[in-house]
Amino acid sequence: MIKLLRFMKGSYGFAIAAPLFMLLEVIMDLMQPTLMSNIVDVGIAQGDLPYIWATGGRMLLMAFIGVVGGLGCVACSAQAAVSFSSRLRQAVFNQIQGFSFVELDRFKTASLITRLTGDVTQIQSIVLMGLRIMVRSPLICIGGVVMAYWLSPRLSLILMIGLPFMLLMAAYFIWKTMPLFLAMQIKMDRVNAVMRENLLGIKVIKSFVGQKKEQQRFGKANQELMDRSVQAMQIMTVLFPLVNLVMNLSVVAVLWFGGRMVVSGGLEIGKIMAFINYLIQIMSSLMMVVMMSISLTRSQVSAERLNEVLETETSIRDMDTAPSLWAEDNETTRSKGSAIEFRDVSFKHHNSGEWVLKHIDLKILPGQTIGIIGTTGSGKSTLVSLIPRLYEATRGQVLVDGMDVREIPLKALRGHIGMVLQESILFSGTIEDNLRFSKETATAAELKEAAEAAEAWNFIEDKTDGLNAEVAQRGRNFSGGQKQRLSIARTLLRKPRILILDDATSAVDMLTEAKIREAIRQRMGQCTLLLIAQRIAAIKDADKILVMDEGCVTGFGTHRELLKTNEIYRHIAVSQLGEEVLADVG
Amino acid sequence: MWADKSKAEVKTGPPTGFGPRGGPGGGGPGHGMLTAKVKLKDSPKTMKRLLGYLEDKRRLLFFVILISVFSTAMTILGTRLNGLVVDRYVVQGDVRGLAMICILLTGMYLASALGIFVQSRIMIHVSQNTTALLRQDLFVKQQRLPIKYFDTHASGDLMSRLTNDIDNISMALSQNLTQFFNGIINVAGILVAMLLLSPYLTVISLVTLPFMFILTMILSRFTRKIYGQQQKQMGALNGYVEEMLSGQKAVLLFGREETAKADFAVYNEQLKKSAVWTFIGTGSLGPFMNLINNLTYLIVAVAGGYFVVQGRTTAGVVFSFLLFMRNFARPINELSNLFTTIQGALAGAERVFEVMDERAEQDRPDAVELTGVQGHVRLDDACFAYEPGKPIICHASLEAHPGTMTAIVGPTGAGKTTLISLLAKFYDLDEGHISIDGKDVASLTRDSIRKAIGIVLQDTFLFSESVKDNIRYGRLDATDEEIIEAAKMANAHSFIERLEQGYDTILSDNGENLSQGQRQLLSIARVILAKPAILVLDEATSSVDTRTELKIQEALLKLMEGRTSFVIAHRLSTIRNADQILVVHDGRIVERGSHQALLQRNGFYADLYNSQFRTGLVE
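Sequence lines, in order, name chains V and F. Going by the working numbering, the first sequence opens with residue 1238, and the numbers climb by one from there. Going by the working numbering, the second sequence opens with residue 73, and the numbers climb by one from there.
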């Protein structure tokens, strides 16, 4: 939490003004009982009506000064807290924008969203309360004690006993409840997790008639949450009456000792009244501090989660050395021989010990079409992800146009590599917005060309609004095949020099898929094309086909060559295309 | 003196507050802020229904009210005694009497503390039980909703009803309800006590009351407006965050980070403005209430002082009054605050009940269990549309004899998935009939139909439980041996063995720690375990790698033996093995027959086949 306070920078004025205004209000509040006691002891005792009026007037004035202080504090604290959270939110968002795939994999999307929405809101309300109550309560406590002492040093001995007792008690209870509330939070998360799973997996649950089982699972989580909640809150049911009791007993003590002092002439009645008033104010403020402390411990979790994001530096970024000259002048670089080269590349994810890619050596020439096929988890996607540096090779070198990708500025590198992912990501807006996502300056003709090449133009034209047709969140209103075609069109719009399709046509039927391939080849003749596919028909015409198995390249050649030499490839081909495939290879 | 622990300035309106919340880690994007719509359609009805949940706790609640009356009476009496102490003993110097009354007071306060303790214990049980019950009810209801409901409602919205709205209700029940009881009893009790003490002073001290109400009304009107605006902007921002972060990989690929930052800043800035005003609006109630309290205080002090001087009342009465005023103003302030939170809870309850009132899937009252399934499936003239007027399936008829395999082919978007979803009874037909073994499915129970049909869906879904439990989902009473057997058949055994904890490995979020293919294998094992009479495969094997697929196909072939199966397939081998092929195009079954027969027809299927498979053969 403390670490986050740096986001207050820029609102220090408000953050300081708020407690000052609060101080004003508190002072005014604390004056009221004393003035009241004056009315009783001086005004009433001596029957002095003008004095009563005058004191009343002073109380009125103070009440109004108090409200100015109170409103000032409200305004300043609102400004400070909101500005604070606004800065924090932006900082977290910006930090996430800097993340690479590695960090995005580590934090899950859902968790990042909760951090950015729920956690920030939680912190904001804590700051707001902090600037108001956390300031007000201690001020009233201190002020109250001072005033009480000033009224009667002897009576304030009662405070000296009651107050530490209550403080100890409060501290004990806070210490006790903190873990209980945390445990409750964990159970709450569990309940939510079961709920979310049931929403997402409803079809599976229904088809296996798993409702009963789910109800039991949920019932258990729900019961545990309830038990924990009751447990946590029950402690509070002890604390509050206890505090109340201590307070009331202190009042009785004041009455007893104060009463005897009045009888013996050492004290005025009005002072007892005022003293009791202060006592109540002090004790209630203390109660507030206890309540605040509990919610503060809960916000600690939020703060930690935000700090975790803020402190995570992206692992893939430009080298500090001067940006290289690699960029637009493709003519000169083209001559270097290979478009993409892997030199003894191995890769593993941070946390797992298994190598995903092992000693890959590969050379792809400019303009070639390369098909990539292999078993699930054989490392196909990882292999191509290394080219635009979405992940970083653990060992070895990946070269694009003869240059190590680490020496090429990320912006330039990714600007020239178009990659269509397995899952198509669309955003709400119009179709045109989505296409322009890759190139804002695209002309209408370019949009049409890209859409045509991706076999998307037909269904776009079919829409009444054409390119202006609405796309719902995540493209919910489009079929899987349509989404994939839009994603491809979006990438084609950039006219990348290297185009990677990572199983990007899996939901498109084969006829359309073939047309897309043909269109890409025709219109983007110069570009180097990498195709990951499950269907052999999609890649068999490629210049070369890369067969992967368990992180290794087991074959690299043409369809006919591989049918002869590569057993895995032959298996796949026969299963998909039938025995006939072998006929003319012999 | 039930300490004024919740003075008005504590409350910053609905956005903050104590009590259980969705909290970090849970909840949808709305997260506490989005849900508290202030607009209510029919609050008395909602309130009544919510109170219905407390029905069987009536006795306990009655008891709570009794205790509340008791402890309030104690407190009021105590306060009055304080005044009496001043008048009778202190002023007259009666130390013995003072001692007596102090002992009496101590006893009363002890009793009152005990009362509060018992009361809050009971209330916690009542409120937590009720919340748990409500949550369970909503959950059960949600499970019975038809798939169509989930198609048309965002899961984030449902999630927020299940979490934020229930939390709001829970908070209202656990804290506000008690406050409400106590508040009303306190106000009533104090009013009576004050009237008994001095009617004049009572009237004078109530002078400020109308101001309080007017102020609250004006403020809450302002706040409600600005709060609504804030909620809207918060919703927009959260929506943007959810969408962008979900698509973060695309943002990265296209180098749009800076644009995203700038766009976010716009949303953020907008929210900031309305948020500041919302907090000022909700926050200023506190100081204003404080002002009015202080004014009342001084009015009583001055007027009381005047009356004492005039000899119309005693110092002790004024003292009692002053103490009463502190206790009187608090519940009234609270009640006005409570009004907003209770309204928030009611809004939440309304959203919860809205789901509960949705039409659930329901079997006909005379529905019977489907048993001893042979697997003879007929579809007669079936029509179906997700939205009225946009039919997806038109007049489709098919017949599959027991033990046969039906392959469904067709271009994307032709309605293949919808067709098999209808067979799986995910949706109800708009027109036409489906029958299994000659029995109309409308006359059968849904659960028994679903048990008879095994489905492998396009998107696999796994639970965050152990691998073993995920497979067991197919048949809950399966033994560990049967599970391993099924896994072996689905060729999942070897990779499961390689997992760190084997079959006991806990899967994270929808099996994110597995590859797509492995997830698919698990879901196949699940169906294998279920041993259904009818099998429905929706492109299930398309994302499993080709080598593994070969093995899966073996397993599935074995599984399909003696079972009626419907397969959406892209594999030639599957199609060739099929007893009949249905060609779906634009929601209609345009051709049907065997592979050879269809080829000879030289129609739509032949075109499809030539473009997809023939090219693979001729170089």
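Even glycine gets a Cβ: it sits at the ideal position worked out from N, Cα and C.
- prompt: Ordered along the chain, which non-local residues of its own chain (more than five positions away) have a Cβ less than 6 angstroms from that of GLU1804(V)?
  reply: Start at 1 with the first residue of the first sequence, and residue 1804(V) comes out as number 567. Once the five neighbours on either side are set aside, GLU1804(V) has no close Cβ partner at all.
- prompt: Does the stretch 276 to 285 of chain F come close enough to the stretch 359 to 369 of chain F that 3 or more CB-CB pairs lie under 8 angstroms?
  reply: yes
- prompt: Any chance the CB of ARG544(F) is under 8 angstroms from a heavy atom of the ligand PLP?
  reply: Ligands displayed in this structure: none; no statement on the ligand PLP is therefore possible.
query: Taking the C-alpha atoms as reference points, what is the distance between ARG1243(V) and SER1374(V)?
result: In the first sequence, the residue the question calls residue 1243(V) occupies position 6. In the first sequence, the residue the question calls residue 1374(V) occupies position 137. Between ARG1243(V) and SER1374(V), the C-alpha separation is close to 24 angstroms.
task: Assign ILE1662(V) to one of three DSSP states: helix, strand, or coil.
output: Sequence index remark: in the first sequence, residue 1662(V) carries index 425 (1-based). The answer is coil: DSSP assigns ILE1662(V) none of H, G, I, E or B.
task: On the DSSP bridge assignment, give the partners of CYS455(F) in chain order.
output: Taking the second sequence and counting its residues from 1, the one referred to as residue 455(F) is at position 383. DSSP, once it has assigned bridges, lists GLU503(F) as partnering CYS455(F).
query: Does the beta carbon of LEU1241(V) come closer than 9 angstroms to any beta carbon on chain F?
result: Stepping through the first sequence from its first residue, residue 1241(V) is reached at position 4. Chain F contact via Cβ: absent.
- prompt: From ASP229(F) to LEU206(F), what distance separates their C-alpha atoms?
  reply: As a first step, residue 229(F) is located in the second sequence; it is residue number 157 there, counting from the start. As a first step, residue 206(F) is located in the second sequence; it is residue number 134 there, counting from the start. About 17 angstroms.
task: Run down chain V in chain order and give the residues with a C-beta less than 9 angstroms from the C-beta of THR178(F).
output: The residue you call residue 178(F) lines up with position 106 of the second sequence. Ordered by position in chain V, the residues that pass the 9 angstroms Cβ test against THR178(F) are ASN1485, LEU1486, VAL1489.
message: I'd like to know if the stretch 1507 to 1520 of chain V and the stretch 387 to 405 of chain F are in contact, where contact means that at least 3 CB-CB pairs between them fall below 8 angstroms.
response: yes
- request: Pick out the complete alpha helix (DSSP H) segments inside the stretch 654 to 680 of chain F, 4 residues or longer, and give them in chain order.
  value: 667 to 673
task: Indicate the three-state DSSP secondary structure (helix, strand or coil) for ASP569(F) in the structure shown.
output: Taking the first residue of the second sequence as 1, we reach residue 569(F) at position 497. According to the sequence shown, residue 569(F) is Glu rather than Asp. Of the three classes helix, strand and coil, the one that applies to GLU569(F) here is helix, per DSSP.
message: Cutting at 8 angstroms between CB atoms, please list the residues of its own chain near ARG522(F), excluding the five before and the five after it.
response: If you number the second sequence from 1, residue 522(F) lands on position 450. Only ALA496, LYS497 meet the Cβ criterion.
task: Could you tell me which of ALA185(F), SER184(F), LEU249(F) sits nearest to THR202(F), measuring between CA atoms?
output: Residue mapping note: residue 202(F) aligns to position 130 of the second sequence, counting from 1. Closest option to THR202(F), Cα to Cα, is LEU249(F).
message: Taking the beta carbon of HIS1808(V) as the centre, do at least 16 other beta carbons fall within 10 Å, making it buried, or is it exposed?
response: Walking along the first sequence from the start, residue 1808(V) turns up at place 571. It is exposed - the Cβ of HIS1808(V) has fewer than 16 other Cβ atoms within 10 Å.
message: In chain order, what are the residue ranges of uninterrupted alpha helix (DSSP H) at least 4 long that sit wholly in the stretch 1578 to 1648 of chain V?
response: 1617 to 1622
message: Buried or exposed for GLU1698(V), going by 16 or more other Cβ atoms inside 10 Å?
response: The sequence position of residue 1698(V) within the first sequence is 461, counting from 1. Burial call: exposed.
- prompt: Are at least three pairs of beta-carbons, each pair with one atom in the stretch 1653 to 1664 of chain V and one in the stretch 1710 to 1725 of chain V, less than 8 angstroms apart?
  reply: yes
- prompt: Pick from GLY416(F), SER595(F), THR385(F): whose alpha carbon is nearest that of SER242(F)?
  reply: The sequence position of residue 242(F) within the second sequence is 170, counting from 1. Considering only alpha carbons, the answer is GLY416(F).
message: Can you give me the C-alpha to C-alpha distance between MET1273(V) and PHE393(F), rounded to a whole angstrom?
response: Your numbering for residue 1273(V) matches position 36 in the first sequence. Your numbering for residue 393(F) matches position 321 in the second sequence. MET1273(V) and PHE393(F): Cα-Cα distance of roughly 12 angstroms.
query: Based on the DSSP output, what are the partners of GLN652(F) in its beta bridges?
result: By one-based count along the second sequence, residue 652(F) stands at place 580. GLN652(F) is bridged to THR478(F).
message: Quick check: the Cα distance between HIS103(F) and ALA1649(V), rounded to an integer number of angstroms?
response: The count along the second sequence starts at 1 and reaches residue 103(F) at position 31. The count along the first sequence starts at 1 and reaches residue 1649(V) at position 412. The pLDDT assigned to HIS103(F) is 33, lower than 50, so where the model puts this residue is not dependable; a value taken from the coordinates is nonetheless given after this. Cα to Cα, the separation comes out at about 39 angstroms.
task: Verify the CB distance criterion: does LYS1440(V) have a CB-CB separation below 9 angstroms to chain F?
output: Along the first sequence, one-based indexing puts residue 1440(V) at 203. Yes, LYS1440(V) lies at the interface with chain F (some Cβ there is under 9 angstroms from its Cβ).
Where SER1675(V) falls, given that 16 or more other Cβ within 10 Å makes a residue buried: On the first sequence, position 438 is the one that residue 1675(V) refers to. The residue is buried, with at least 16 neighbouring Cβ atoms inside 10 Å.
- request: Return the residues of the stretch 388 to 401 of chain F that lie within a Cβ-Cβ distance of less than 8 angstroms from chain V, sorted by chain order.
  value: VAL390, PHE391, LEU394, LEU395, ARG398
- request: Tell me whether PRO1478(V) sits in a helix, a strand or coil according to DSSP, three-state version.
  value: The residue you call residue 1478(V) lines up with position 241 of the first sequence. Residue state, collapsed to three classes: helix.
message: Considering Cα atoms alone, identify which of PHE1455(V), LEU1392(V), ILE1442(V), ASN1459(V) is closest to GLY1503(V).
response: Within the first sequence, residue 1503(V) is the residue found at index 266, counting from 1. The shortest Cα separation from GLY1503(V) among PHE1455(V), LEU1392(V), ILE1442(V), ASN1459(V) belongs to LEU1392(V).
- request: Identify each residue in the stretch 129 to 154 of chain F for which the Cβ-Cβ distance to at least one residue of chain A is less than 8 angstroms, and report them in chain order.
  value: Absent here is chain A; the protein component of the structure consists of chains V and F.
- request: Please work out which residues of its chain come closer than 7 angstroms, Cβ to Cβ, to PRO1744(V), disregarding the five sequence neighbours upstream and downstream, and give them in chain order.
  value: Sequence index remark: in the first sequence, residue 1744(V) carries index 507 (1-based). Note that residue 1744(V) is Ala in the sequence shown, not Pro. GLY1717, GLY1718, GLN1721, listed in sequence order.
message: Let's test the definition: count the other Cβ atoms within 10 Å of the Cβ of PHE1418(V) and tell me whether it reaches 16, buried, or not, exposed.
response: Your numbering for residue 1418(V) matches position 181 in the first sequence. Label assigned to PHE1418(V): buried.
Cross-chain neighbours of MET231(F) in chain V, by beta carbon under 7 angstroms: By 1-based counting over the second sequence, the position of residue 231(F) is 159. Neighbours of MET231(F) on chain V, chain order: MET1432, ARG1433, LEU1436.
query: If we count Cβ pairs, one from each stretch, closer than 8 angstroms, do we get three or more for the stretch 1406 to 1425 of chain V versus the stretch 1524 to 1531 of chain V?
result: yes
query: Using a Cβ cut-off of 9 angstroms, which residues of the stretch 1442 to 1468 of chain V contact any Cβ in chain F, in chain order?
result: ILE1442, LYS1443, SER1444, PHE1445, VAL1446, GLY1447, GLN1448, LYS1449, LYS1450, GLU1451, GLN1452, ARG1454, PHE1455, GLY1456, ASN1459, GLN1460, LEU1462, MET1463, ASP1464, SER1466, VAL1467
- prompt: ILE492(F) and GLY659(F) look like a contact to me (Cβ under 8 angstroms); what is the Cβ gap, rounded to whole Å?
  reply: Along the second sequence, one-based indexing puts residue 492(F) at 420. Along the second sequence, one-based indexing puts residue 659(F) at 587. About 13 angstroms separates the two Cβ atoms, so there is no contact after all.
query: With C-beta atoms as the reference, is PRO1256(V) less than 9 angstroms away from LEU1376(V)?
result: Numbered from 1 along the first sequence, position 19 holds the residue referred to as residue 1256(V). Numbered from 1 along the first sequence, position 139 holds the residue referred to as residue 1376(V). It is a contact, given that the beta carbons lie within the stated cut-off.
- prompt: Closest Cβ-Cβ distance between PRO359(F) and chain V: below 9 angstroms?
  reply: Here residue 359(F) refers to the residue found at position 287 when the second sequence is read from its first residue. Taking Cβ atoms only, chain V reaches closer than 9 angstroms to PRO359(F), which makes this a yes.
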